[in-house]
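**Student:** With mature numbering (1 follows the signal peptide of the UniProt record, and there is no 0) applied, the sequence shown corresponds to residues -48 to -1, 1 to 233, in that order.
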Amino acid sequence: MYVRGDVDSDRAGFAYKPARVRHPRRTTGAACLAMAAVFTLVGGPAQAATSGDRCGFVTIIGVRGSGESAGSGSGVTPYTYAQGTGGFGPRLAGVMQLLKDDPNLPVYEEALRYPATIVPNLVDPNYFLSERQGVGVLRAEINSLAANCPSTNIQLAGYSQGAHVIGDVLADKNALSLHARTLLDGVVLFGDPTYRDGERWNADGNGSGHGIFVRAEGAFDGYAKASTLSSFPIAMVRSWCVENDRFCQSGDSEAAHESYSDSYTQRSAYGFLESFLYSAD
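See below:
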């Protein structure tokens, strides 16, 4: 079960506004996460706000990890799976469900359609072929959203190879149109094999090592947005990477790499993404 903290308890006075208009600010931060421990979500609200509109208030694209189950068919574009067929993987399921369950956020979900090939070791060229295909497909989908849905907030969530895919798109400053970059409004990464210790977008409590494909320093600089977590713009990327994770810490624990579906991490990721969708009038 996933904990749900003061997001509901102090919701009075908060409502989403479409077309990127932001409004009333809530109390957030460490106190919120502490309070979350005493609230347990046993089911979604009576009326969750899942959107059937790709060009609605917010569209989130999930990019699954290596070997996780694919969806089927095609979505609005050939770059995503048909809605309702899966393709997110268990490490993104919690944050996706929490977003869907929020009655004040009409969320449209897309699962990226790419191989997510699992290989015996990450020097296997098939990993890089899969990852590069994911980069091309994600770039195309984000640019398509920006061209066809010019006021839709775009959020991204990725695990393992999926986090690698997202990171490569963000790090390439020529991958996305200028308008697409302005629409990006929150990114969460779990177990990213390109993780670099010491970056300002790293989550608290991460391990102190680097990933097996460590990314250049400052790769996500320039991605900052207004958030209810701060009175000034903050990095809109947050990366979780626990101690001894085999891939994002160059450690030896597969179990650590598979641990990101825990309720605290998923709830923290949800609160981070949501913070970009509300702010003061």
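Virtual Cβ for every residue (Gly too), placed ideally from N, Cα, C. Please read all numbers here as calculations on a predicted model, not as lab measurements.
Figure out for me which residue from G39, I186, S21, V87 has the closest Cα to the Cα of A176.
**Tutor:** I186
**Student:** Can you tell which of G36, A127, L141 has the C-alpha that lies nearest to the C-alpha of R43?
**Tutor:** The candidate whose alpha carbon is nearest that of R43 is L141.
**Student:** Mind checking S183: buried by the 16 CB within 10 Å criterion, or exposed?
**Tutor:** Exposed.
**Student:** So what does I12 bridge to, in DSSP terms?
**Tutor:** E61, Q107
**Student:** Should A132 go down as buried or exposed, given a rule of 16 or more other Cβ atoms within 10 Å for buried?
**Tutor:** buried
**Student:** Three or more beta-carbon pairs under 8 Å between the region 99 to 108 and the region 70 to 79, yes or no?
**Tutor:** no
**Student:** Count the CB pairs spanning the region 24 to 32 and the region 58 to 70 that are closer than 8 Å, and state whether there are at least three.
**Tutor:** yes
**Student:** Going by DSSP, what residue range makes up the beta strand (DSSP E) through G138?
**Tutor:** Element bounds for G138: 136 to 142.
**Student:** My output table needs one value for D214: the three-state DSSP class, helix, strand or coil.
**Tutor:** coil
**Student:** Classify T69 as helix, strand or coil using the three-state DSSP reduction.
**Tutor:** coil
**Student:** Please tell me whether G27 and Q35 are closer than 8 Å, where the distance is taken between their beta carbons.
**Tutor:** yes
**Student:** To the nearest angstrom, how far is it from the Cα of residue 236 to the Cα of A92?
**Tutor:** Outside the shown range of the chain, which is -48 to 233, sits residue 236, and nothing can be said about it.
**Student:** Between which two residues does the beta strand (DSSP E) harbouring R190 extend?
**Tutor:** 189 to 192
**Student:** Can Y111 and G159 be called in contact, C-beta distance under 8 Å?
**Tutor:** no
**Student:** Between the Cα of L225 and the Cα atoms of P77, L108, N56, which residue gives the shortest distance?
**Tutor:** L108
**Student:** I need the straight-line Cα distance from G203 to D5, nearest angstrom please.
**Tutor:** 42 Å
**Student:** Only counting the same chain, and skipping five residues up and downstream in sequence, which positions put a Cβ closer than 7 Å to that of R167?
**Tutor:** Same-chain partners within the cutoff: G119, A123, T146, R148.
**Student:** Assuming contact is defined by CB atoms lying nearer than 8 Å, are V189 and F172 in contact in what I supplied?
**Tutor:** For V189 and F172, yes; Cβs fall inside 8 Å.
**Student:** For G114, which option in R16, I94, E210 has the closest C-alpha, if you only look at C-alpha atoms?
**Tutor:** Nearest option by C-alpha distance: R16.
**Student:** Is it right to say R152 is buried, meaning 16 or more other beta carbons lie within 10 angstroms of its own, or is it exposed?
**Tutor:** exposed
**Student:** Going by CA-CA distance only, name the one from A155, D197, N95, L128 that's closest to S211.
**Tutor:** It is D197 whose Cα lies nearest to the Cα of S211.
**Student:** Look up I164 in the DSSP assignment and say whether it is helix, strand or coil.
**Tutor:** coil
**Student:** Should G174 be labelled buried (16 or more other beta-carbon atoms within 10 Å of its own) or exposed?
**Tutor:** exposed
**Student:** Between the alpha carbons of T(-9) and L50, how many angstroms are there, rounded?
**Tutor:** Annotation note: pLDDT 31 at T(-9) (below 50); position unreliable, coordinate value reported separately. So the two alpha carbons sit approximately 12 Å from each other.
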